[in-house]
Amino acid sequence: MTVTKLNFLVAEDHNFQRRVLVRILKGIGAHAVHEAGDGMGALAILRDSTRPVDIVISDLDMPGMDGMAFVRNLGESGISVSIILASALDRKLLSSIQMMSEAYGINLLGVLEKPITPEKLLPLIARHKTLPNRQQHPPCPVFSLEEILAGLRNDEFEPFYQPKIEMATQKVAGAESLARWHHPQHGLVAPHAFIPTLEDKGMIDVLTDTMVRKTVAFRNTWHACGIGGTVSINLSVKSLADVQTADRLVGFLRVQQVQPRDIVMEVTESALTTDVGHTLENLARLRMKGFGLSIDDYGTGYSSMQQLIRIAFTELKIDQSFVANAARQESARVILEASLGMAKKLNINAVAEGVETQEDWNMLHQLDCHTVQGYLIARPMAAEDYLAWVKDWNLSH
Numbered sequence: 003m004t005v006t007k008l009n010f011l012v013a014e015d016h017n018f019q020r021r022v023l024v025r026i027l028k029g030i031g032a033h034a035v036h037e038a039g040d041g042m043g044a045l046a047i048l049r050d051s052t053r054p055v056d057i058v059i060s061d062l063d064m065p066g067m068d069g070m071a072f073v074r075n076l077g078e079s080g081i082s083v084s085i086i087l088a089s090a091l092d093r094k095l096l097s098s099i100q101m102m103s104e105a106y107g108i109n110l111l112g113v114l115e116k117p118i119t120p121e122k123l124l125p126l127i128a129r130h131k132t133l134p135n136r137q138q139h140p141p142c143p144v145f146s147l148e149e150i151l152a153g154l155r156n157d158e159f160e161p162f163y164q165p166k167i168e169m170a171t172q173k174v175a176g177a178e179s180l181a182r183w184h185h186p187q188h189g190l191v192a193p194h195a196f197i198p199t200l201e202d203k204g205m206i207d208v209l210t211d212t213m214v215r216k217t218v219a220f221r222n223t224w225h226a227c228g229i230g231g232t233v234s235i236n237l238s239v240k241s242l243a244d245v246q247t248a249d250r251l252v253g254f255l256r257v258q259q260v261q262p263r264d265i266v267m268e269v270t271e272s273a274l275t276t277d278v279g280h281t282l283e284n285l286a287r288l289r290m291k292g293f294g295l296s297i298d299d300y301g302t303g304y305s306s307m308q309q310l311i312r313i314a315f316t317e318l319k320i321d322q323s324f325v326a327n328a329a330r331q332e333s334a335r336v337i338l339e340a341s342l343g344m345a346k347k348l349n350i351n352a353v354a355e356g357v358e359t360q361e362d363w364n365m366l367h368q369l370d371c372h373t374v375q376g377y378l379i380a381r382p383m384a385a386e387d388y389l390a391w392v393k394d395w396n397l398s399h
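One point on numbering: in the numbering used here, the residue at position 174 of the sequence shown is 176, and numbering is uninterrupted.
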């Protein structure tokens, strides 16, 4: 969407700076620019249906309701709008405020250091996309353990597959298997609606076994279609507490005659700080049998680097929060670069999660990232759709 078709709101208490920013916006083609002197005034405009707003450019240090309180109230309101924050504050403090904004669910296009110029502003405006109103989405239904187990007994759970791409060759490196529930009344249900309940009640292995059995069987199907690559399966912290887990997983592969080298087991960092003895035994046994091991959401847990020493990981999945912020936040980019460099020195594969924009792709290509995964490439899809997607990808690349 071009600047001329967007509606802007400038929230700035300093009259001169507000007028300057309005002139900048009109100079780059904006036709509709509303003005507010503080957060309260900005919220009043946003609640006025006669004055539509697509992008808010807000100062942080304002009297009354300052920029941070405005962001909090905006997040709680459910109003669909993008925001750009502007301030002369320290860059590290701006990074913290950026993370705070995202925690409140704000569609933050970026944080600008003052003075604002057209050259700084235009790339952030280009990130704006038309947003659905968050208030229109009904809350996810709450399911009891009995309902979830009944769904598992009725064979309503299926793996969906999200592709991973090797950047240097643009070949499909494999896929991650993700649980989905085909609920007879609620349609397709995402994992956050059932995994926490299964973990809390000690029943996660029922889902894990279903996912492994179906994923391993499908790995044979795609091999028969001439499609290569590994498939990753998530392993719960609760499963790792059971010393029989590794042997049970090996048994599933033996039945389907799939080689362990074709399977990567993904574990989050939190799994590596719970019941350490059993966890390490399970992971060591899986690695000894030939499975790949991936540390998922790397960088979000406690003592991340220590985990790389304790366990023979073959893959490091860098959390999407670092990938998404690296193009616009110096500290996130530094952590991303350091993680990629460390993976290379440790001779393990680095996978960047959450690649959603061409800007993300270009940056990761520049940083020589090995493998990428995210919505820019493809969303998780059903098994039959994955086979068709891979064929289309291979034809076009």
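Cβ coordinates follow ideal geometry from the N, Cα and C atoms, glycine included. All of these numbers come straight from a predicted model, not from anything done at the bench.
Check: Any idea if V392 is buried or exposed, counting beta-carbon neighbours within 10 angstroms, 16 or more meaning buried?; Outcome: buried
Check: So, is D394 buried or exposed, given that buried needs 16 or more other C-beta atoms within 10 angstroms?; Outcome: exposed
Check: Between Q137 and I313, what straight-line distance do the alpha-carbon atoms span, to the nearest angstrom?; Outcome: Its pLDDT being 43, under 50, Q137 is placed unreliably in this model, and the value from its coordinates should be taken loosely. Distance between the alpha carbons of Q137 and I313: 44 Å.
Check: Does L369 come within less than 8 Å of chain C when only Cβ atoms are used?; Outcome: No chain C is part of this structure, which consists of one protein chain only.
Check: Just how far apart, CA to CA, sit K166 and P65?; Outcome: 48 Å
Check: So what does DSSP say about G253, is it helix, strand or coil?; Outcome: helix
Check: Mapping the DSSP letters down to three states, classify R182 as helix, strand or coil.; Outcome: strand
Check: Is the separation between the beta-carbon of E355 and that of I320 shorter than 8 Å?; Outcome: yes
Check: For the segment 375 to 394 against the segment 151 to 169, are there 3 or more C-beta pairs whose distance is under 8 Å?; Outcome: yes
Check: In the DSSP output, which residue or residues are listed as bridge partners for M267?; Outcome: I235 and L295
Check: I need the DSSP call for E160, collapsed to helix, strand or coil.; Outcome: strand
Check: Spell out the partners DSSP gives K319 in its beta bridges.; Outcome: V353
Check: Can you tell me whether DSSP reads I403 as helix, strand or coil?; Outcome: Limits of the chain in this structure are 3 at one end and 399 at the other, which puts residue 403 out of reach.
Check: With DSSP run on the structure shown, which of helix, strand or coil describes H399?; Outcome: coil
Check: Give the single residue among E268, V257, G43 and G153 whose Cα lies nearest to the Cα of F196.; Outcome: G153
Check: When the Cβ atoms of the segment 43 to 56 are set against those of the segment 20 to 32, are three or more pairs found closer than 8 Å?; Outcome: no
Check: Pair every Cβ in the segment 73 to 87 with every Cβ in the segment 24 to 35, then say whether three or more of these pairs are closer than 8 Å.; Outcome: no
Check: According to the Cβ coordinates, are S296 and E268 closer than 8 Å?; Outcome: yes
Check: Quick test of your reading: D56 and V83, contact by CB under 8 Å. State the CB separation rounded to the nearest angstrom.; Outcome: 7 Å
Check: Which partner residues does I57 have in the DSSP bridge list?; Outcome: F10 and S84
Check: Touch check for the segment 286 to 296 and the segment 248 to 256: three-plus C-beta pairs under 8 Å?; Outcome: yes
Check: Find out if the Cβ-Cβ distance for the pair A44, A88 is shorter than 8 Å.; Outcome: no
Check: Is the separation between the beta-carbon of C371 and that of L342 shorter than 8 Å?; Outcome: yes
Check: So, helix, strand or coil for S146, using DSSP?; Outcome: coil
Check: Buried or exposed: which applies to G231, given that a residue is buried once 16 or more other Cβ atoms fall within 10 Å of its Cβ?; Outcome: buried
Check: Let's test the definition: count the other Cβ atoms within 10 Å of the Cβ of S103 and tell me whether it reaches 16, buried, or not, exposed.; Outcome: buried
Check: Do you know how far the Cα of F324 is from the Cα of H139?; Outcome: Confidence at H139 is low in this model, with a pLDDT of 46, below 50, so its placement is unreliable and the value that follows should be read with caution. Distance between the alpha carbons of H139 and F324: 27 Å.
Check: Going by other Cβ atoms of all chains shown within 10 Å of its Cβ, with 16 needed for buried, is G253 buried or exposed?; Outcome: exposed
Check: Give the DSSP-derived three-state secondary structure of L110 in the structure shown.; Outcome: strand
Check: Is it true that the CB of S98 sits closer than 8 Å to the CB of S179?; Outcome: no
Check: For Y304, count the other beta carbons within 10 Å of its own beta carbon; 16 or more makes it buried, fewer makes it exposed. Which is it?; Outcome: Its pLDDT being 48, under 50, Y304 is placed unreliably in this model, and the value from its coordinates should be taken loosely. Its Cβ having fewer than 16 others within 10 Å, Y304 is exposed.
Check: Check the C-beta distance from L209 over to A181 and give it rounded, since I have them as a contact under 8 Å.; Outcome: 6 Å
Check: Would you call G112 buried or exposed, if buried means 16 or more other Cβ atoms sit within 10 Å of its Cβ?; Outcome: buried
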